[in-house]
Amino acid sequence: MSWHELRVDGARLWARLEALGEVGEVLGPNGERGNARLALTDADRDGRDLVVGWMRDLGLDVVIDAVGNVVGTRAGTDPTAAPVMVGSHIDTVRTGGRFDGNLGVLGGLEVVETLAQHGVATTHPVSVAFFTGEEGARFQPDMLGSLVYVGGMALEDALDVHAADDGARLGDELARIGFAGPTPCPVASAPHAYFELHIEQGPVLEDEGVTIGVVTGVQGISWTELSITGQSAHAGTTPMRLRRDPGYVAAAINTGVRALATEMAGSQVATVGRCEFTPNLVNVVPAKVTLTVDLRNTDEALLQQAESVFTAYTDALAQEEGVLVERRTLARFEPVEFHPGMVDLVEATARRLGHSTRRMPSGAGHDAQMLARVCPTAMVFVPSVNGLSHNIAEHTEPADVTAGANVLLHVVLATAGVRA
Ligand code: GLV
Ligand code: MN
Ligand code: MN
290 MSWHELRVDG
300 ARLWARLEAL
310 GEVGEVLGPN
320 GERGNARLAL
330 TDADRDGRDL
340 VVGWMRDLGL
350 DVVIDAVGNV
360 VGTRAGTDPT
370 AAPVMVGSHI
380 DTVRTGGRFD
390 GNLGVLGGLE
400 VVETLAQHGV
410 ATTHPVSVAF
420 FTGEEGARFQ
430 PDMLGSLVYV
440 GGMALEDALD
450 VHAADDGARL
460 GDELARIGFA
470 GPTPCPVASA
480 PHAYFELHIE
490 QGPVLEDEGV
500 TIGVVTGVQG
510 ISWTELSITG
520 QSAHAGTTPM
530 RLRRDPGYVA
540 AAINTGVRAL
550 ATEMAGSQVA
560 TVGRCEFTPN
570 LVNVVPAKVT
580 LTVDLRNTDE
590 ALLQQAESVF
600 TAYTDALAQE
610 EGVLVERRTL
620 ARFEPVEFHP
630 GMVDLVEATA
640 RRLGHSTRRM
650 PSGAGHDAQM
660 LARVCPTAMV
670 FVPSVNGLSH
680 NIAEHTEPAD
690 VTAGANVLLH
700 VVLATAGVRA
């Protein structure tokens, strides 16, 4: 068989997605099966153990680095050649699905297993990676493991990040689950290329009836945590004109960033995803509110504009209400453009395999945006049913999963060097 005719085993890939989906499974009211594998929790450890076991079963050389990134490598014929890397993450948000991240990692394993099954040798090694803490739901920033991997954050700083929920220290959690590996991070030498298969996590491909999204880049991300301190008071006795109410300010910030995004239009989005009232009681004007604001735009200048409008608006609100606002940046990444040659390769490969394609930026953050700092990088998207993600109802049809994995297989073959 010519390597052009090689295809992945979609059923085998689906079975692995199902098996990993059973680790840290959470069930929805209508029987939806989602995942809660927040980074470095016991569930994340169990997922890691399962995937590392599969890597070892496939005979990969498994390396775990100091921030817990895991890379399994199938050797190439040229011992001096850098690996073609595929990967993503297996941590999830607390209400995550079975595909976000998992597809890129298990799609990578399927690529390697397909090569092995058909005895295909590549010049470059092929590596399958999963990176620590991509989601940023527990430890910020998001894409933390891949950021450290490419030298964008000092290892010591990463290990010292504390969890948003229980305050646990990342380095301690890594050791606790047995994934503080011996290999230095950042990586000593960059991969030859990096490809990530991922679900779109939005509605565009499904709406347009397109199978493969050719990802041109990732939009910029700005995460801020605001702590608003006011005056706790009795809800029945304190006249409205005398209140210094951080709950009111938090609500106004939420509606304000919504209006900001609507007015800016284009790709601008804005979300208040976390909001905690203290003391959180029915009859007490809150003393303090902590909330997060997530702003994103594909254009760096427009993202900066959104940030400054948001800051000025918040300052004015704080002054008007007499509250103190303290800000902490949780993540800030500029928009990233992927490698034009690799983007063209994804598009040409998908079309050669008979799939409809559409070029699109990614709305979500991905490990690929970090790998793009050190090697030619591109991504493959497949449709998300109803555009849902970060939701336990997240779903992608098996045929689309297989289509995406075949595109991944063939961009790897084209890049890793295989005899015609
Ligand atoms: C991370 O995956 C994000 O886009 O929020
Ligand atoms: Mn993801
Ligand atoms: Mn995600």
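So for the sequence shown, our numbering puts the first residue at 290; every next one is plus one. Quick reminder that beta carbons are idealized off the backbone N, C-alpha and C, glycines included.
Self-check item: M631 beta carbon less than 8 Å from that of G250
Solution: Here the chain covers residues 290 to 709 and nothing more, so residue 250 does not appear.
Exercise. Tell me whether S651 counts as near ligand 2, meaning its Cβ is closer than 7 Å to at least one heavy atom of that ligand.
Key: no
Exercise. Give the straight-line distance between the Cα atoms of S676 and T369, rounded to the nearest whole angstrom.
Key: Residue 676 is actually Gly in this sequence, not Ser. Rounded to whole angstroms, G676 to T369 spans 43 Å at the Cα level.
Quiz item: When DSSP labels each residue in this structure, what does S416 get in the three-state scheme?
Solution: strand
Quiz item: Which residues count as close to ligand 2 when the rule is a CB under 5 Å from any of its heavy atoms, in chain order?
Solution: Here the residues come out as D389 and G390.
Practice problem: Using only the heavy atoms of ligand 3, determine whether one of them is closer than 7 Å to the beta carbon of E424. | Solution: yes
Quiz item: Are L302 and E423 close, meaning C-beta to C-beta below 8 Å?
Solution: no
Quiz item: Under 8 Å, do L494 and F622 count as touching if we go by C-beta distance?
Solution: no
Self-check item: Identified DSSP bridge partners for H487
Solution: In DSSP, H487 forms a bridge with F670.
Self-check item: Reference G425; option with closest CA among V439, E402, A304 and H451
Solution: Here the closest residue by C-alpha is H451.
Quiz item: Under 8 Å between the Cβ atoms of P430 and T362?
Solution: no
Quiz item: Roughly how many angstroms separate the alpha carbons of T505 and V476, rounded to a whole number?
Solution: 25 Å
Quiz item: Taking the alpha-carbon positions, what's the P629 to A371 distance?
Solution: 20 Å
Quiz item: Which class does A559 belong to by DSSP, given the choice of helix, strand or coil?
Solution: strand
Quiz item: Leaving out the 5 sequence neighbours to the left and right, which residues in its chain are closer than 7 Å to F566 when beta-carbon positions are compared?
Solution: G536, P575 and V578
Quiz item: Smallest Cα separation from A443: which of D454, A410 and G460?
Solution: G460
Quiz item: What's the gap between the Cα of A550 and the Cα of E489?
Solution: 21 Å
Quiz item: Which term fits H644, buried or exposed, when burial requires 16 or more other beta carbons within 10 angstroms of its beta carbon?
Solution: buried
Self-check item: Alpha-carbon to alpha-carbon, A657 and L436
Solution: 10 Å
Exercise. Note down the Cα distance separating V561 from Q508, rounded to an integer number of angstroms.
Key: 18 Å
Quiz item: alpha helix (DSSP H) containing T588: first to last residue?
Solution: Here residue 588 turns out to be Asp, not Thr, going by the sequence shown. First-last for D588: undefined, no H or E at that position.
Quiz item: Residue range of the beta strand (DSSP E) that G470 falls in?
Solution: Unbroken run through G470: none, as it is neither H nor E.
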